[in-house]
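Those sequence lines, one after another, are chains A and B.
Counting the first sequence from 1 gives a position; our numbering is that position plus 63.
Counting the second sequence from 1 gives a position; our numbering is that position plus 361.
Where a beta carbon is used, it is the ideal one built from N, C-alpha and C, also for glycine.
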Amino acid sequence: MRVSRTRNRWMLLSATLSVTMIFGSSRLAADEPAATSPTAKLQRITVYPDKITLAGARSLQGLRVTGEYADGTLRDLTRECKYSSADAAIAEISDEGVIRPKGNGDVAITATFQDAKASTPLTITRVEDMSYNFRNDVLPVLSRWGCNEMGCHGSPKGKKRLHLSLFSAKPHMDFLEIADRKKGLIDPSDPDQSLLLLKAIGDEEHGGGDLAYPDTPDYDLVADWIRNDAPEGDDDDSDLARVEVFPPERDMLPGDKQRLLVEAYYSDGSMRDVTELASFKSNEEAVAKVNDMGMSEGTGYGEAVCMVGYGTQLTTSRVTSSQPATVPFPDVPFNNKVDEMAVAKLRALNVIPSASCTDAEFLRRVYLDVIGMLPTAEEARTFFADTNPDKRKHLIDSLLQRPEYADFYAVKWGDVLQINRDNPARLQDKGMWAYYRWLWDALDQNMPMDQFVHESLTARGSGYQNGPANLYRIGEGPQGMAEHVSTAFLGVRLDCAHCHNHPFEQFTLIDNLGMAAFFTKVRLKRTQEQDEEVIYVADSGSIKNPETNQVASPKFLGGAELAAKEKAVAAIADAEKATAEKTAAEKAAAAKAVVSKSQAEKAASEKALAENAAAAKKAIELAAASKAAADKATAEVAAAKTEAEKEAAAKIVAEKVAAAKAASEQASAAQAAADKASAEKVAAEKAAAEQRAASDAAVAKANSEKAVADKTLAAKTAAAKAATAAVAAVETTGDLRVKLAEWIASPENPYFAKHMANRVWTWLVGRGIVDEPDDFRSTNPASNPELLDYLANEFVQSGYDMKAMFRLILNSRTYQLSATPNQWNKHDRIHFSYYHLKRLTAEQLAGAITQVTGIHEKYSGLPLGTRATQLPDVSMRSEFLDLFGRPKRATPVESERTCDTHIGQSLQMISSEYMANKLRDNNGHAAKLAASDKPAAAVVDELYLIALSRFPTDAERQVILAQPITDIQRREKFEDLAWVLMNTKEFLFNH
Amino acid sequence: MLHIDMESRRQHGIGRRDFVRAGALSTFGLTMADLLRARAEARPNDAEPKAKACIVLWMSGGPSHLDTFDLKPDAPSTHRGTFNPIETNVPGMQICEHLPKLAQQGDKFSILNTMTHPSPSHDIASHIMLTGNVPARGTISPSYGSVVFREWGYQGSLPPYIAVPSGHRYAAAGFMGGTYKPFAIGSDPNANGFQVRSLRLPAGMTVDRLNNRRKWLEGLDSLKQRLDGDEELEVLDGFYKRSYDMIAAPEASKAFDLSGEDDKLRTRYGRNTLGQSCLLARRLVESGVSFVHVDRGGWDTHSKNFETLQNTRLPELDQAFSALLEDLDQRGMLESTIVLWMGEFGRTPTIDYAPRWQGGRHHYSKVFSSVIAGGGFSGGHVVGTSTDKGEEVKDRPVLPWDVGASMFTLLGIPYDKTYVERDRNIRLLPYGTSVVSGGMLKELADVS
């Protein structure tokens, strides 16, 4: 009964759970024998935790013993060990490895398995402390039983005699409800006869079924609390801060078992083992399942995540199960670090990636993914003919420079930002155009994304004038704005937390309202122009938590409250100032060193110059003397009378000429040396000057940085003071959106960079590392966290450069993998071992059909020739685009755009007038090609290039040209062939 | 014809599912012989479900309950709005004065005035109302129509689930996949010369030429061969096969041909998109379609609520809805066809007179109204009462899954059925688990 009850509860809670991790059909059959003991030799055993502190009589601690084997495998031996306590008067330990305190003091606990032993030190304090805290002790049990769910006593009206707050939102109220003696729910004189417990175990009729059993830890805890007069505990008692699970990750094979250990940490730093009170859920039961008691068991290959919940906190434990290696993992080449990270994961799972795609596949893929269009036949021919080994890289670079990039990504961002003139966004023509043009320019100029966010979030003025101000015309009220912004810029959906907390959902009403509080002063005002709205920031505004009736403070999502953060900022600024001063001093010293070095170099070069110049002078003098001698000899020759005299003189002349020549050469060399020395001197002087300038600049920069740091510190301190004071009074002055914008696009933001990198990844690779890209939460973990961290870091380092992120991913071999899976990766859906097929989006497909047929679709109000990817919003009537999944932009969630297939689409492609009219148009490609004198085979090539970006294979040529195409048939046959090519899956999908 | 067919089915005691099983075996164009064979094989004790078809009238945006079916004339002016209630032909049952024709059909429908669910967001609320499930992150539930499609399969060449004129994000198949998605006709039935394009061959195209193209295509569809076994490509192939069959079958395009309808009747439904969509819905059900989703947006009346309702939404709703009920009834189809009128939620009881809204109402899901009729649900009742200002459920809450479970019961589909999606069991509806529930609509139908 208990099992089914739990299952039901999870079903209800499935409202908040993910089913994203899929690694399907490799699951082993249910009757597969459990894994046998490892054959490798046991190296040692370790005990977790390696140090234990227990406080209070009711504290307990379970141990987990892990065997480490020679082959590197780890195995849970908790149930197979023998345990002993060095002093049973201080602590007892059960056969299951659970320690219970008996007296104060220190003691060693030892686990023994075969010959291996391991100990852990234990300290027990306050063993006399029997106190209870309702919020920390009892309420989690009631939550585990499901008492406070919407369907039970947690409904807004409660049920029958018990009214609890939904998911423990109001612990004090819940306490009063249960502990009120007049209600008769509890009976301290005979706890087992308390109505609360009788109902829970089903002894009294109970609509919620049997929830608990006597003699179980959770039942006993509640009974003992009642026996102790059902205290509420102190207000000062610590709060639950977080939960952790051991092991956080583990390699397991089908049949392997691991008992999880759940630890609750409290605000005072204390820790408690709450394994028996926690809830567990595997997100992929085909890989690992986990039972009510936290026992996980491998069931197949792949990766799974066990979600662990206790109270309001969540954590996860990851299970990795590598499929058996049937062949050695091949040596996969890496194009860049993306591949290194992606393949590391594949290697761990023994999933061998597909081959690299062909040039033709790459060409079509990268055109569609970067500019949303097919390459022209001409572009295809050029690319195929290019023999440069870097031609893929060059193509990526050139595509990213094209304006069509901005066209195509303005559609994607338009979806996310919900840009539309009509319902539901109601931006009107002027607002839509202003927003679209701003977006298009931002993309075309590759505006850094931190600036993009800042301009969006802090926008003011008329939505008709200032594009991004329209952001505030979309979400309704502060909560609507917060939800819109969180999804668009942080990839977090807050709409579930709009009304109340959800169990197993990381984000709470507090988070929703905390973000909403940044927008409480945003106002929209009508002007005299029809439907124009001006966005401005009022002096005051607040939002109340409907559950507590308290005014909500601005709180960064997943971060601190604004006030707390400002304090932290001041402290950081102090540290920064010290660092800046140190840096400035260091830089100044370095600069000085540079200056003296350059001066020394200058002196050395001057000395060399002087030496060289002297040598040159000497050589020139020598040369001049030799020349004079030679001239003289020549004159003597002329004067010679006799042949003999002539010969003798000639000989002398020759000798003297040679001497002169040698002297001249020596002089030239000396001159060259002198020139060189002179040039070197100039260069040395220039370098010296530059170095001096650089060092001056460095000193100046260091000084100015210090000045800025000082100024920032002063500003931050002032802001911190102001914010602290103001937040306390809630009526904060100034525009809180600026704070939010600064925080969102800062490296300390836990979501922004990851979310942006992941969005680009999703757009290009077809599936998110976190999937879907706007659903970040702890229960939807990344399939490759290391890869995501790397991308996010690169994004921050690049200065939030979107095109740099595109370039990084597009150049990776991972992006360039073939879409054809192999026998080892065909079950992989989440680790990017092959390229995921993507049906062309509505706009891509409409554009591609135009490219193949040569006939544009006319969109009303826009010039003929406007492509579907150039439509500024989704209000343009188009049955075609609607059929292929164009969204209404009713939500910022990307999956509102669908790329699935349905029968309406196949009908459209087969027999619609839309297709027929374009195919048979007299100005269309088919007509023109038919009228040309190209032979049929050349036309077939041309149509293949246009439609599929490749040449037909011989087999395909044979199918098409099996019957010769007569002149009369040309037009009809070419229309038919164009139809056929556009109906191939190769055309309909990006592959 | 069809009516007789349904009648004879009932007499022979053939179960819908048996009938469907036969339909699923032959790809298309179920012949009378197939049908008879199916009947012969039917188990005699298989209880006949009361409902054989369903029409959902989806009022996207969220219609104001206080200005349609739950008027509060005694509420303060901050709440009550400008419309007055009128009596229907059932004593004591009142609706808005701008729905006079519908008031004359009061005996045919019942009002659910205590609908309630937790989400005032369009997206989540639409999912809840169209599927009967709270959305699970990462898993979208199938709409009611997709479940019926999957359970019953094809009944002939027409798709069993059709959206008129267009679909909705959650009037879709969710985790069941594109196969069970409705066929959205994508064009306005009120347009001149309306026809569902693509069901007939375009001008100048012959069956022979299409067959030649098809043959070529089969020889050249190389990606399919390369990625043999890819699920998505297989599914698309299935759609192509269905499409060729549908184009070849004359009854398909005939079912969509409104020109065959009496002009007076067409006017009675209203010469607008909603009116002609409702008429088409009836025609499709008559032709054997199991489930029709009629989509009409524009109910998100944040601003100018009263003007919008009075000038456009209510008059067209009055005509279309009343005509549909009357027409179904006269043809003897109402007792076997469920009609469910709903939006994703109601609207705030307090009226926002701020300049930006000019008398608007915002999203509100704590209590609102839906209307249900036919297929075993009796008319003339009001289920549940909201508080004096229409702000809360006063008695008898009705949760979306209560409605869903009641409908499925009448359709003969067990609401607690589970489907396996990627190794995970997913229950059809949360009804019957620990979720809050007001129980099935026992007031209106024989359900338990």
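When you compare the CB of Q971(A) with every CB in chain B, is at least one pair closer than 8 Å?
yes
Which residues, in order along the region 540-552 of chain B, keep a beta-carbon less than 7 Å from a beta-carbon of chain A?
K542, F544, A545, G547, S548
H654(B) in three-state terms, based on DSSP
strand
Do we get a CB-CB distance below 8 Å when we pair S387(B) with the residues of chain A?
Annotation note: pLDDT 34 at S387(B) (below 50); position unreliable, coordinate value reported separately. Output row for S387(B): interface = no.
Contact check, V937(A) vs D837(A), beta carbons under 8 Å:
no
Please report how far the alpha carbon of P387(A) lies from the alpha carbon of S841(A), in whole angstroms.
30 Å
Any beta carbon of chain A sitting closer than 8 Å to that of N406(B)?
The pLDDT assigned to N406(B) is 43, lower than 50, so where the model puts this residue is not dependable, and the model offers no usable value.
Taking 8 Å as the CB-CB limit, is G318(A) close to chain B?
no
Just checking: is the beta-carbon of I966(A) within a distance shorter than 8 Å of some beta-carbon in chain B?
yes
Taking just the CA atoms, how far does S620(B) sit from N553(B)?
10 Å
Beta-carbon within less than 6 Å of H478(B)'s beta-carbon, same chain only, minus the 5 sequence neighbours each way: which residues are those?
I489, S726, P761
What in chain B is Cβ-close to R589(A), meaning under 9 Å?
P716, R717
Can you check whether the C-beta of T1047(A) is within less than 8 Å of a C-beta belonging to chain B?
yes
Give the straight-line distance between the Cα atoms of E622(B) and G721(B), rounded to the nearest whole angstrom.
39 Å
Taking all protein chains shown into account, do 16 or more other C-beta atoms lie within 10 angstroms of the C-beta of I832(A), making it buried, or fewer, making it exposed?
buried
Which residues in chain B sit within 8 Å of H561(A), going by Cβ to Cβ distance?
S480, P481, S482
I'd like to know whether the C-beta of E1019(A) is nearer than 8 Å to at least one C-beta of chain B.
yes
Members of the region 406-429 of chain B near chain A, C-beta cut-off 7 Å
none
By the three-class DSSP mapping on this structure, what secondary structure does P703(B) have?
Before going on, a small fix: residue 703(B) reads as Met here, not Pro. Here M703(B) sits in strand by DSSP.
With DSSP as the reference, identify every bridge partner of G365(A), one or two as the case may be.
S384(A)
Euclidean distance between Cα positions of V790(A) and P617(A)
Low confidence applies here, because V790(A) scores a pLDDT of 44, under 50, leaving its location unreliable and the question unanswered by this model.
Contacts that T883(A) makes with chain B (C-beta to C-beta distance below 7 Å):
R587, L588
Residues, ordered as in the chain, of the region 558-573 of chain B that lie near chain A by beta-carbon distance below 8 Å
R558, S559, L560, R561, L562, P563, A564, G565, M566, R570, L571, N573
Taking only beta-carbon atoms, is I608(B) less than 8 Å away from chain A?
yes
Under 8 Å from the C-beta of W577(B): neighbouring residues of chain A:
V1022, I1023, D1039, L1040, V1043
Cβ-Cβ separation, T362(A) to A351(A) (assumed contact under 8 Å), whole Å
6 Å
By the DSSP assignment, the alpha helix (DSSP H) with Q455(B) in it spans what residues?
Counting along the chain, Q455(B) falls outside any alpha helix (DSSP H), though it belongs to the beta strand (DSSP E) covering 455-457.
What residue does the alpha helix (DSSP H) around M420(B) start on, and which one ends it?
M420(B) -> not in any alpha helix (DSSP H); beta strand (DSSP E) instead, spanning 414-420.
Determine, using beta carbons only, whether N573(B) and D1030(A) come nearer to each other than 8 Å.
no
Skipping 5 residues on each side, what residues in its chain have a beta carbon closer than 7 Å to that of L675(B)?
C457, H459, L460
Once the 5 residues before and after L571(B) are set aside, which same chain residues still bring their CB inside 7 Å of it?
L562
4-residue-minimum alpha helix (DSSP H) runs that sit fully inside the region 233-263 of chain A, ordered along the chain
234-242, 258-263
Whole angstroms are fine: how far does the CA of K981(A) sit from the CA of E811(A)?
53 Å
Chain A contact residues for V596(B), given Cβ-Cβ distances below 7 Å:
T964
Nearest residue (CA-CA) to F176(A), options R198(A), L140(A), I115(A)
L140(A)
Cβ-Cβ distance between L490(A) and G526(A) below 8 Å
yes
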